[in-house]
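Numbering (our numbering), first residue to last: 1242 to 1628. Working notes, structure below.
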């Protein structure tokens, strides 16, 4: 197999390339990135003899199409604004593609993908991604699902916490801030509850969960729960659902007043050329970097409640991914790059062939996928309790 990684020198891209090169069935990885020092950035992570570097020049669309025409599948890890260009190139060349970004923003391209007979797997990273595969796995264990609570977040290990945020950057800090300007939707008592971004950190929406080995973590809404629930036939009678980000306690108390004061506004400041949110990213990002000996932790929990055989049942899945200090790859990078690599290889081998815009919840074989994660040291634990 020949597989291209678009944005291959970013945090997640480097993890995807390291995984692809470690797989015997992958003959060549094409790393597409504007950075000219690819060999230096991947040194020690991968067998560079199996990596071909492409540095695009000029217009991005023709460059992507040229690369995709010569590979069996591709992974899109480009900045989100370039997602559409990557998907259009995949459709034009009929090359299966995995992207970790939300499918909603390219929903209008579904007919073109179907007409071209090409598979475009969206939302295939950590969250969304691994969690959606777990949704599908859990759904088969119920006749009726009445509640789904999904949690995920990247946090520093306890010894790496730094006051007052108790947070460090394991991916793009600008995107961390942007996500705090995203509206959320919950389901409470069977009804949709809209949570405007400005109210995301209100006390009524915040709660804490207990995680073995870590203690209590703070959860706040940061996703569109009904969007995924609608894909589950067993969840037609759902009464409660939420998708929550996890942080060390105190996160919401820190950000709530700053939001009210406009520090996360996207409006450009006169004479400055940047918005308050952009300025804050430039100010805080460099101060929140991990040391070489510090680990990030990706914590995920999904709790499903419902009935089976007339009895109440709860299925809870837990996952923690930590930084690999030997390679320096963050847990967040592994949690995004590995799923993308696994599914790209499934697409290249023809194990997933349905055309159109696909979703892990509906189109990724959960058993095989979770086995592949476990083979890479990422293991999901599952507990079942009955009432």
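Backbone N, C-alpha and C define an ideal beta-carbon position, used for all residues, glycine too. Remember, it's a predicted structure, so these values are computed and weren't measured experimentally.
Residue i, DSSP secondary structure in three states
| i | result |
| --- | --- |
| residue 1412 | coil |
| residue 1388 | strand |
| residue 1531 | coil |
| residue 1520 | helix |
| residue 1625 | strand |
| residue 1301 | helix |
| residue 1445 | helix |
| residue 1507 | coil |
| residue 1312 | coil |
| residue 1619 | coil |
| residue 1306 | helix |
| residue 1287 | coil |
| residue 1381 | coil |
| residue 1478 | coil |
| residue 1440 | helix |
| residue 1276 | coil |
| residue 1601 | helix |
| residue 1397 | strand |
Rounded C-alpha distance that separates residue i from residue j
| i | j | result |
| --- | --- | --- |
| residue 1391 | residue 1465 | 11 Å |
| residue 1596 | residue 1336 | 11 Å |
| residue 1408 | residue 1495 | 12 Å |
| residue 1244 | residue 1520 | 37 Å |
| residue 1487 | residue 1510 | 31 Å |
| residue 1513 | residue 1529 | 23 Å |
| residue 1313 | residue 1242 | 6 Å |
| residue 1355 | residue 1598 | 8 Å |
| residue 1578 | residue 1257 | 4 Å |
| residue 1505 | residue 1303 | 36 Å |
| residue 1402 | residue 1307 | 45 Å |
| residue 1380 | residue 1613 | 21 Å |
| residue 1328 | residue 1551 | 45 Å |
| residue 1412 | residue 1476 | 33 Å |
Where the beta strand (DSSP E) containing residue i begins and where it ends
| i | result |
| --- | --- |
| residue 1451 | 1448–1452 |
| residue 1547 | 1537–1549 |
| residue 1593 | Run containing residue 1593: none; DSSP gives neither H nor E here. |
| residue 1487 | 1481–1488 |
| residue 1282 | No beta strand (DSSP E) holds residue 1282; the alpha helix (DSSP H) holding it covers 1279–1283. |
| residue 1432 | 1432–1436 |
| residue 1292 | 1292–1295 |
| residue 1556 | 1552–1563 |
Burial state of residue i, where buried means 16 or more other Cβ atoms lie within 10 Å
| i | result |
| --- | --- |
| residue 1627 | exposed |
| residue 1396 | buried |
| residue 1479 | buried |
| residue 1624 | exposed |
| residue 1622 | exposed |
| residue 1368 | buried |
| residue 1493 | buried |
| residue 1352 | exposed |
| residue 1589 | buried |
| residue 1372 | buried |
Heavy atom of the ligand HEM within 7 Å of residue i beta-carbon
| i | result |
| --- | --- |
| residue 1290 | Although the ligand HEM was asked about, the structure shown includes no ligands whatsoever. |
Residue i - containing alpha helix (DSSP H), residue span
| i | result |
| --- | --- |
| residue 1460 | Where residue 1460 is concerned, there is no enclosing alpha helix (DSSP H), although the beta strand (DSSP E) it sits in stretches over 1456–1462. |
| residue 1574 | 1572–1589 |
| residue 1334 | 1324–1334 |
| residue 1268 | From DSSP, residue 1268 is part of no alpha helix (DSSP H); its letter is neither H nor E. |
| residue 1425 | That residue, residue 1425, is in no alpha helix (DSSP H); its beta strand (DSSP E) goes 1425–1429. |
| residue 1493 | 1492–1501 |
| residue 1255 | 1252–1262 |
message: Can you confirm whether the region 1422–1430 touches the region 1374–1385 when touching is taken to mean that 3 or more C-beta pairs between the two stretches lie within less than 8 Å?
response: no
- prompt: Using 8 Å as the threshold, is the region 1609–1616 in touch with the region 1281–1291, meaning 3 or more CB pairs across them?
  reply: no
message: Between the region 1531–1542 and the region 1561–1568, can you find at least three pairs of beta-carbon atoms closer than 8 Å?
response: yes
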